[in-house]
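Let me begin by presenting the structure, written as structure tokens, before commenting on it.
Number of protein chains: 2
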Amino acid sequence: MTTDDRKEQTRRRIIMAACEAIAEYGFEGVRMRIVAERAEVSTALLHYHFDTREKLFLEAMKFSFENTGAEEYEAKPPRKNPNTWILARVIDACLPRTAELRRDFVLWQELWLRATRDSDSRLLAIDLYQQMHEWVAGVIDKGIGASEFTACDVGKVADRLLVLTDGYGIRLLLEDPRLSLADARAAVWAAISPDLGITRKFPE
Amino acid sequence: MTTDDRKEQTRRRIIMAACEAIAEYGFEGVRMRIVAERAEVSTALLHYHFDTREKLFLEAMKFSFENTGAEEYEAKPPRKNPNTWILARVIDACLPRTAELRRDFVLWQELWLRATRDSDSRLLAIDLYQQMHEWVAGVIDKGIGASEFTACDVGKVADRLLVLTDGYGIRLLLEDPRLSLADARAAVWAAISPDLGITRKFPE
DNA sequence: TTGTTCGCTGACTAATTAGTTAGTTAGTCT
DNA sequence: AGACTAACTAACTAATTAGTCAGCGAACAA
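Just so you know, the sequences run in chain order A and B. Our numbering applies: residue 1 is where the first sequence begins, and numbers increase by one. Our numbering applies: residue 205 is where the second sequence begins, and numbers increase by one.
Next up, the structure:
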């Protein structure tokens with residue numbers, strides 16, 4: 001392994017530590033010491049790689065959102081009820097179901113909030129939202145859009161899906177006993193599926 | 205004016221300053237000095253009244269949410285299309301339309317995020333969400349629920365309304381040129397009004 | 001082998017922070 | 001009037017912070 005590889009590896013370890021720390025303590029709440037400890041380096045190294053705290057954290061945000069996996073959606077839908085399958089997977093991808101998605105979701109919210117104060121964050125957030133929207137609209141359009149049943153504005157459906165998963169996602173973070181993951185999935189399903197000409201109930 | 209009145213007035217001035225500061229800088233970002241300056245008192249007085257930073261900020265959150273005005277909804281709906289009028293007002297009340305609502309909305313989001321880290325905040329957030337839900341459901345139920353057209357679960361409609369306004373609210377905070385207030389209102393309207401047996405378009 | 005580069009650290013600084021304390025002063029009670 | 005209470009402050013401290021810098025040592029080049 002070359003020193004360049006090693007350097008890149010360290011850089012990445014720092015960024016990932018920063019992501020975890022931001023989700024855990026919040027943007028303003030993270031201390032450089034915490035990130036350094038988690039990445040198992042000195043605080044001086046953070047400054048060596050990223051100059052300032054601000055720059056490190058923005059890099060971390062960017063990295064996090066560029067690396068949230070949508071790989072599993074490359075999998076082919078089953079022959080039976082492919083539309084139902086696709087919609088269910090997209091909804092699931094946008095809800096904080098797993099610990100990892102939950103972490104990303106919190107990071108997301110941190111960025112949203114920071115966007116109200118910092119213009120760099122705002123531009124990043126707007127761009128990110130657009131990317132997410134394109135991804136959702138793309139999956140729906142490619143997978144379901146061609147269906148004989150649908151005659152709707154895919155963009156608007158994607159928009160509504162994102163808003164709903166965002167709203168329910170926030171509530172899921174609260175771990176309010178009155179709202180389960182199943183409730184949230186079902187509610188998003190009910191609000192979206194008719195628009196796509198899907199009349200089936202939520203699978204499982 | 206008695207000293208007790210004066211004390212209460214000062215206390216309130218501090219709390220309101222804290223609310224503004226939290227919305228502006230974020231929970232972790234607020235410095236006691238900022239709050240003190242804004243309330244035109246010494247930092248020592250903050251500690252005299254609230255002991256610790258933490259306690260002050262929790263009090264501020266509580267105060268803010270107990271004092272968000274729903275007074276304007278006491279006004280009587282017009283004779284013509286009262287259902288339409290009521291729904292439009294409720295939706296408007298939940299979207300960050302004005303500077304004040306925007307500030308409260310940001311504070312709200314701060315609490316949501318903090319709720320993922322701090323159990324006191326979490327309990328407050330859950331309680332608050334419940335209160336908002338009851339308010340929305342109450343207004344809908346009292347104003348529209350008795351209508352001959354509706355036969356839906358008001359609780360679920362209120363739930364969906366809150367989720368949608370939350371989701372769109374966040375996007376409105378971004379001031380994304382692709383999403384106007386009118387778009388958000390119309391989208392929420394379209395997603396809610398059919399459930400309530402309202403077939404009219406969004407007023408104005 | 002030897003000199004050089006550079007990823008990396010320990011020990012530092014200057015600035016800022018929440019919180020304390022010893023008073024001052026204005027309003028209240030008898 | 002005179003004693004008392006308590007809202008309020010200036011000046012402090014102890015701790016923590018982001019950021020700096022001189023230098024180490026392993027990898028690389030010659």
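Where a beta carbon is used, it is the ideal one built from N, C-alpha and C, also for glycine.
Residue i: first and last residue of the uninterrupted alpha helix (DSSP H) it sits in
i: residue 38(A); result: 32-39
i: residue 342(B); result: 323-344
i: residue 155(A); result: 154-173
i: residue 382(B); result: Looking at the DSSP string, residue 382(B) is not in any alpha helix (DSSP H), and its letter there is neither H nor E.
i: residue 20(A); result: 3-25
i: residue 471(B); result: Since the first residue shown for chain B is 205 and the last is 408, residue 471(B) is missing from the structure and cannot be characterised.
i: residue 92(A); result: 82-94
i: residue 28(A); result: It is not in any alpha helix (DSSP H) - residue 28(A) carries neither H nor E in the DSSP assignment.
i: residue 196(A); result: Counting along the chain, residue 196(A) falls outside any alpha helix (DSSP H), and DSSP gives it neither H nor E.
i: residue 247(B); result: 247-254
i: residue 105(A); result: 99-115
CA-to-CA distance, residue j to residue i, given in whole angstroms
i: residue 85(A); j: residue 93(A); result: 12 Å
i: residue 406(B); j: residue 382(B); result: 20 Å
i: residue 88(A); j: residue 98(A); result: 15 Å
i: residue 403(B); j: residue 396(B); result: 10 Å
i: residue 312(B); j: residue 347(B); result: 26 Å
i: residue 56(A); j: residue 12(A); result: 11 Å
i: residue 308(B); j: residue 269(B); result: 8 Å
i: residue 211(B); j: residue 100(A); result: 48 Å
i: residue 213(B); j: residue 314(B); result: 26 Å
i: residue 359(B); j: residue 398(B); result: 15 Å
i: residue 252(B); j: residue 372(B); result: 40 Å
i: residue 127(A); j: residue 377(B); result: 14 Å
i: residue 135(A); j: residue 4(A); result: 33 Å
i: residue 129(A); j: residue 162(A); result: 9 Å
i: residue 205(A); j: residue 319(B); result: Given that chain A is displayed from residue 1 to residue 204, the structure contains no residue 205(A) and the question cannot be resolved.
i: residue 1(A); j: residue 53(A); result: 29 Å
i: residue 255(B); j: residue 249(B); result: 9 Å
i: residue 206(A); j: residue 190(A); result: For chain A, the structure presents residues 1 to 204; residue 206(A) sits outside this window and is missing.
i: residue 175(A); j: residue 117(A); result: 28 Å
i: residue 335(B); j: residue 67(A); result: 38 Å
i: residue 280(B); j: residue 28(A); result: 45 Å
i: residue 119(A); j: residue 183(A); result: 36 Å
i: residue 228(B); j: residue 24(A); result: 21 Å
Cβ neighbours of residue i in the same chain (closer than 8 Å, five flanking residues each side left out)
i: residue 282(B); result: 289
i: residue 41(A); result: 10, 13 and 14
i: residue 133(A); result: 155, 158, 159 and 162
i: residue 121(A); result: 58, 61, 111, 114 and 115
i: residue 181(A); result: 95, 97 and 172
i: residue 327(B); result: none
Nonlocal neighbours in the same chain, by C-beta distance under 7 Å from residue i, ignoring five residues either side
i: residue 369(B); result: 295, 298, 299 and 392
i: residue 219(B); result: 263, 264 and 267
i: residue 390(B); result: 406
i: residue 81(A); result: 200
i: residue 22(A); result: 30, 57, 60, 107 and 110
i: residue 43(A); result: 32, 33 and 36
i: residue 39(A); result: 13, 14 and 17
i: residue 125(A); result: 111, 112 and 115
i: residue 230(B); result: 314
Residues near residue i by beta carbon distance below 6 Å, same chain, minus five either side
i: residue 375(B); result: 383
i: residue 223(B); result: 264 and 268
i: residue 341(B); result: 358, 359 and 362
i: residue 152(A); result: 195
i: residue 306(B); result: 300
**Prompt:** Using Cβ-Cβ distances below 8 Å, what residues of the region 169-188 of chain A are close to chain B?
**Reply:** 170, 171, 173, 174, 175, 176, 178 and 187
**Item:** Residues of the region 109-142 of chain A with Cβ closer than 8 Å to any Cβ of chain B, in chain order
**Value:** 109, 110, 112, 113, 114, 115, 116, 117, 122, 125, 126, 129 and 130
**Contacting positions in the region 210-241 of chain B - beta carbon closer than 8 Å to chain A** = Of all residues in the region 210-241 of chain B, those with a C-beta nearer than 8 Å to a C-beta of chain A are 228, 229, 230, 231, 232 and 233, reading in chain order.
**Request:** Please list the residues of the region 92-109 of chain A that have a C-beta atom closer than 7 Å to any C-beta atom in chain B, keeping them in chain order.
**Result:** 106 and 109
**Asked** At a Cβ cut of 9 Å, what residues of the region 358-369 of chain B count as close to chain A, listed as they run along the chain?
**Response** The region 358-369 of chain B vs chain A, Cβ under 9 Å: 360, 363, 364, 366, 367, 368 and 369.
**Request:** Name, going along the chain, the residues of the region 187-203 of chain A whose beta-carbon falls closer than 8 Å to a beta-carbon of chain B.
**Result:** 187 and 191
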